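Written out below as structure tokens is the structure these notes cover.
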Amino acid sequence: MASFLNLFWRNDKGRWDRSYAEGHWGFLDSIEQGPRHRVIADLLRAREDAASSVLDVGCGTGALVPHLPDNVSRYVGIDLSSEAIRICRGRKDGHGDRTFMATSFDDYAPVESFEVIVFNEMLYYYPMRRIPEVIARARGLLTPGTGSIIVSIHERSLKKRAVWRRLRACMVPTESTTAVDPGTGNAWRIERYDVPGTTGGAADVEHVLQSSAESMRFLRSGDPADPGDTSPSKE
Ligand SMILES: C[S@@+](CC[C@H](N)C(=O)[O-])C[C@H]1O[C@@H](n2cnc3c(N)ncnc32)[C@H](O)[C@@H]1O
């Protein structure tokens, strides 16, 4: 039911702010959502680099923060909603260098690069046609040579096939795993992509966009039309 209602979700700041203020997204921090955060944490831990920096795009209330492994020395959580970021800043858990910023990913222009960029239950809020551009942008923010992108998508998301197909057109997954909450039956597919990144220059981003546009031409037809925005089911 929640998935159906979420078909009509409009991805604007005001709507996110209101729904966070009314407590609708409190469940993101619940025990039942833990399995996906733990899988992401395991993928981060497996990198073994002592100085991992992580950008969490659409971090919401910061539910990933208490799960972050020790090798993450720098974490930046950004979110469109200033209300979500206010909740993040009030968190007492987590350790190390944690920064939260209210901004759209589209406007985010950091000076430093990141080892890992996480899209945890957020990518399907973008119109499907924009996914190659969003990934190209993320690659431009990664440390050249060693960067990874991690994506989590709820198995009941009505957009999941469209999202995965577009991601496949841009990158090859290094690892694909499923997180399941046995109590509710909720399941999430989580993929890690080790990508070379780009130098962040306009020419590089253009190159990634061109390659993904070429790959898209080879995709079979039957990709579902953009059915509207969905968000994780609360069931
Ligand atoms: C379903 S919540 C997921 C929150 C968190 N990642 C989690 O797993 O608990 C999706 C979040 O993405 C954020 N969001 C949507 N579009 C965004 C954008 N373009 N830039 C930054 N954040 C965005 C929303 O404000 C919302 O907080």
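For the sequence shown, numbering that gives the first Met the number 0 gives the first residue as 0, with consecutive numbering after it.
Where a beta carbon is used, it is the ideal one built from N, C-alpha and C, also for glycine.
Because the structure is a prediction, the values reported are computed rather than measured.
Buried is the label assigned to A135, since at least 16 other Cβ atoms lie within 10 Å of its Cβ. Taking non-hydrogen atoms of ligand 1 into account, the C-beta of Y125 is found less than 8 Å away from one of them.
Counting the other Cβ atoms within 10 Å of the Cβ of H23 gives fewer than 16, which makes it exposed.
The nearest non-hydrogen atom of ligand 1 is less than 8 Å from the C-beta of N10.
Taking L140 as reference, the option from M127, D106, W163, E31 with the minimal CA-CA separation is D106. Counting the other Cβ atoms within 10 Å of the Cβ of A83 gives 16 or more, which makes it buried. By the criterion of a C-beta distance shorter than 6 Å, G61 is surrounded in its chain by G76, C87, R90, once the five residues flanking it on both sides are discounted. According to the DSSP assignment, R17 belongs to the alpha helix (DSSP H) that extends over 12-20. Straight through space, the alpha carbons of H94 and I130 are spaced by roughly 32 Å. Ligand 1 has no heavy atom closer than 8 Å to the beta-carbon of E47.
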